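Counting from 1, one number per residue, gives the positions in the sequence shown under UniProt numbering. Heads up, the beta-carbon is just placed ideally off N, CA and C, and yes, glycines get one too. A quick note: this is a predicted structure, and the numbers were derived from the prediction, not measured.
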Amino acid sequence: MKKWFQILMMVMLSVLSLKAEFLGIERQKALRENKLILLSIEKEGCPYCIKMQKDIFDVPKFNQRIAKNYLHVSINGEDPTLPQALHVKYFPTNLILSPRDLSIIDEFAGYSDPASFIELLDIVYAQEFK
1 MKKWFQILMM VMLSVLSLKA EFLGIERQKA LRENKLILLS IEKEGCPYCI
51 KMQKDIFDVP KFNQRIAKNY LHVSINGEDP TLPQALHVKY FPTNLILSPR
101 DLSIIDEFAG YSDPASFIEL LDIVYAQEFK
């Protein structure tokens, strides 16, 4: 029993380390490229998450607009290993993070149509990099 617990703890620590390392890599890339981080927190089977993915993130013209100023990262909001700060009530939730300290600059909960979403991202980026 004790051995199983040790193995489970090692696996959990490896997963946490991998997630921290991944965001660390994105953070360094965003700093180098003068971009913000767009963190999309989604839930499996969420109809609005699927619609937003289909209407915005899978459309090349919108994806290119986002990639100009943001590094986009999607995560499963139901992952129990997520830090408490990333546990959200509504899906999808999109957080804009500063690459300097990973602080939350802005937050958009729920579905947004493509034009409004891109406009919001442009406004936040312009305000952050005045």
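Asked, Found
"If I measure Cβ to Cβ from T93 and keep anything under 6 Å in the same chain, skipping five residues before and after, which residues do I get?", "I41, A109"
"On the three-state DSSP scale, how would you describe D106?", "strand"
"I need the DSSP call for L8, collapsed to helix, strand or coil.", "With a pLDDT of 40 at L8, under the threshold of 50, the predicted position of this residue should be treated as unreliable, though the coordinate-derived value follows. L8 falls in the helix class under three-state DSSP."
"Let me know the secondary structure DSSP gives Y70 once reduced to three states.", "strand"
"Spell out a yes or no on whether the region 64-72 and the region 84-93 are touching, meaning 3 or more CB-CB pairs, one atom from each, closer than 8 Å.", "no"
"Going by other Cβ atoms of all chains shown within 10 Å of its Cβ, with 16 needed for buried, is I66 buried or exposed?", "buried"
"Check the DSSP bridge columns for L82 and list the partner residues they point to.", "Partner(s): none; L82 has no beta bridge."
"At a Cβ threshold of 7 Å, is P80 touching chain D?", "The structure shown contains no chain D, having only a single protein chain."
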